[in-house]
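A.B. asks:
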Amino acid sequence: MPIKPIQPYPALLLRRKSERVLLVADLHIGWEAPLTQKGIHVPSQTPKILDMILQLIKTCKPTRLIFLGDVKHAIAKVEMEEWHDIPDFFEALEKKVPDIQVVPGNHDGNLEPLLPETVKILPPTGVVFGNVGLFHGHAWPAPELLGCRSLITGHVHPMVAFRDPMGFRITRQVWVKAACDGER
495 MPIKPIQPYP ALLLRRKSER VLLVADLHIG WEAPLTQKGI HVPSQTPKIL DMILQLIKTC
555 KPTRLIFLGD VKHAIAKVEM EEWHDIPDFF EALEKKVPDI QVVPGNHDGN LEPLLPETVK
615 ILPPTGVVFG NVGLFHGHAW PAPELLGCRS LITGHVHPMV AFRDPMGFRI TRQVWVKAAC
675 DGER
């Protein structure tokens, strides 16, 4: 089954027969709220995130959209911004993709009341799609995922850092592709 990163976006597309599954992880909607509480005012990034995903939907034409955890930022509670942004965010998406699913991540406590009833919550231990295991990564994957040919996970936010001769440092998000031994 082809697994295709969608450049320049932090997303993957899985294809199997007529199914096209768009995978996105670690949105952290509402990450600005803790900064605001400390006096650092950052405008909500949710509209930009929504625009990015709507562009991905337009380009990829998925039959299903799966979020691999950390849809929201607050861990155990729900911030006021999340109560506002997340329902509107998902209502806009469900107009474009009828099948939306969420594998909960460690930041997704109390996410379910924010979601439209049509959004399906999957087990935090993940699910299998064809021969690909999908999970967030904060919880050990379900045993059936360990037999999959490929595993796709979020959670770790891999990055590389570059430093120029003047000492200026920039970081970029990356995809990590590595061999996996299901016995360990």
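Heads up, the sequence shown is in the numbering used here, so the first residue is 495 and it goes up one at a time. Beta carbons are placed, not taken as given, at the ideal position from N, Cα and C, and that holds for glycine.
Helix, strand or coil for residue 637 per DSSP?
C.D. replies: The answer is helix: DSSP assigns residue 637 an H, G or I state.
A.B. asks: Apply the 10 Å Cβ neighbour rule to residue 606 and answer buried if 16 or more other Cβ atoms are within range, or exposed otherwise.
C.D. replies: Label assigned to residue 606: exposed.
A.B. asks: On the three-state DSSP scale, how would you describe residue 667?
C.D. replies: The answer is strand: DSSP assigns residue 667 an E or B state.
A.B. asks: So, residue 518 versus residue 556, is the Cβ gap smaller than 8 Å?
C.D. replies: No, these two residues do not count as a Cβ contact at 8 Å.
A.B. asks: Beta-carbon within less than 7 Å of residue 620's beta-carbon, same chain only, minus the 5 sequence neighbours each way: which residues are those?
C.D. replies: The residues are 597, 627, 628, 629, 635, 636, 639.
A.B. asks: Only counting the same chain, and skipping five residues up and downstream in sequence, which positions put a Cβ closer than 7 Å to that of residue 547?
C.D. replies: Excluding sequence neighbours, residue 547 sits near 518, 587.
A.B. asks: So what does residue 505 bridge to, in DSSP terms?
C.D. replies: Answer is 518.
A.B. asks: Throw me the rounded Cβ distance for the residue 665 and residue 654 pair, which I believe falls under 8 Å.
C.D. replies: That pair is a contact at about 7 Å.
A.B. asks: May I ask you to report which of helix, strand or coil DSSP gives residue 656?
C.D. replies: In this structure, residue 656 counts as strand in the three-state DSSP scheme.
A.B. asks: Whole angstroms are fine: how far does the CA of residue 601 sit from the CA of residue 524?
C.D. replies: Roughly 11 Å between the two C-alpha positions.
A.B. asks: Quick one: grab the DSSP three-state call for residue 646.
C.D. replies: It is a strand residue.
A.B. asks: So residue 527 and residue 575 are supposed to be a Cβ contact under 8 Å. How far apart are they, rounded?
C.D. replies: Correct: roughly 5 Å between the Cβ atoms.
A.B. asks: Which residues mark the beginning and the end of the alpha helix (DSSP H) in which residue 511 is found?
C.D. replies: Note, residue 511: premise wrong, no alpha helix (DSSP H); not H, not E.
A.B. asks: Express the C-alpha separation of residue 622 and residue 616 in angstroms, rounding to a whole number.
C.D. replies: Rounded to whole angstroms, residue 616 to residue 622 spans 11 Å at the Cα level.
A.B. asks: Are the CB atoms of residue 507 and residue 521 nearer to each other than 8 Å?
C.D. replies: Their beta carbons are not under 8 Å apart, which means residue 507 does not touch residue 521 by this criterion.
A.B. asks: Determine the direct distance from the alpha carbon of residue 563 to that of residue 649, and round the result to whole angstroms.
C.D. replies: When rounded, the distance between both Cα atoms is 7 Å.
A.B. asks: Determine the extent of the beta strand (DSSP E) in which residue 595 is found, giving its start and end residues.
C.D. replies: That run of the beta strand (DSSP E) goes 594–596.
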